[in-house]
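Here is the structure we will look at, set down as structure tokens.
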Amino acid sequence: MAQVRCPFCHEYIDSRDFPAHRAEHVKDRGDGQQNEYATLPPEEREEGDLIDVPRVYVHQKCGVMTGMPEEIIRSYLKNPYLYSADETFCCGCGKHVPFRECHWTETGEDLQTYTDKLRAAKPEMKPSGCLGLVLVGVGLAGAVAAALV
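Residue numbers (our numbering): 11 to 159.
Structure, rendered in structure tokens:
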């Protein structure tokens, strides 16, 4: 039986079992977030220190700060197209909101502008054709998660 690598836990799963396996990862945990979010496997994530990388953002509509987990930061730094839904979780609203509505507390820059700059620096990673549609689906399923700071 063919296996697929789960974008959430990175284990290899029989393809026939994957839909049920994935469903557990994306199940709502009761606060609006999924149990887990898609990331790159640890060996594919951005390496190095994150000293100058913003980690906390504020949703301008509710004013609540939300922190972004390191595994998600390292994943989007490596592949800025991974979270192509261009939304992130707001701990204040309890739902995913557009990047444009949030700004980093460290820099004041909105998350959409920040992401657009990362993408502009890696145009070769932009998905295209049928692969692009698949990655958009992964991006929607794996929209950026966050933890209340």
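Just so it is clear, CB atoms sit at the ideal spot from N, CA and C, and this is done for glycine as well.
1) Using a Cβ distance threshold of 8 Å, determine whether the region 107-127 contacts the region 67-75, with at least three qualifying pairs required.
2) With a cut-off of 8 Å, do at least 3 Cβ pairs link the region 84-98 to the region 128-136?
3) Is the beta carbon of VAL121 less than 8 Å from the beta carbon of SER85?
4) How do the region 51-59 and the region 95-108 stand: do at least 3 beta-carbon pairs fall below 8 Å, yes or no?
5) Is THR98 helix, strand or coil by DSSP?
6) Can you say whether MET11 is buried or exposed, counting buried as having 16 or more other CB atoms within 10 angstroms of its CB?
7) Who are PRO1's beta bridge partners in DSSP?
Quick look at the numbers:
1) With the cut-off at 8 Å, the region 107-127 and the region 67-75 touch.
2) The region 128-136 and the region 84-98 touch, with three or more beta-carbon pairs separated by less than 8 Å.
3) On the sequence shown, position 111 is the one that residue 121 refers to. On the sequence shown, position 75 is the one that residue 85 refers to. First, the residue type needs correcting, since residue 121 is Leu and not Val in the sequence shown. Contact: no.
4) The way I'd put it, the region 51-59 doesn't touch the region 95-108; fewer than three beta-carbon pairs between them come closer than 8 Å.
5) Start at 1 with the first residue of the sequence shown, and residue 98 comes out as number 88. Judged by DSSP in its simplified three-state form, THR98 adopts strand.
6) Position 1 of the sequence shown, counted from the first residue, corresponds to residue 11. Exposed, since its Cβ has fewer than 16 Cβ neighbours within 10 Å.
7) Summary: the structure shown does not reach residue 1, with the chain confined to residues 11 through 159, and so no result is reported for it.
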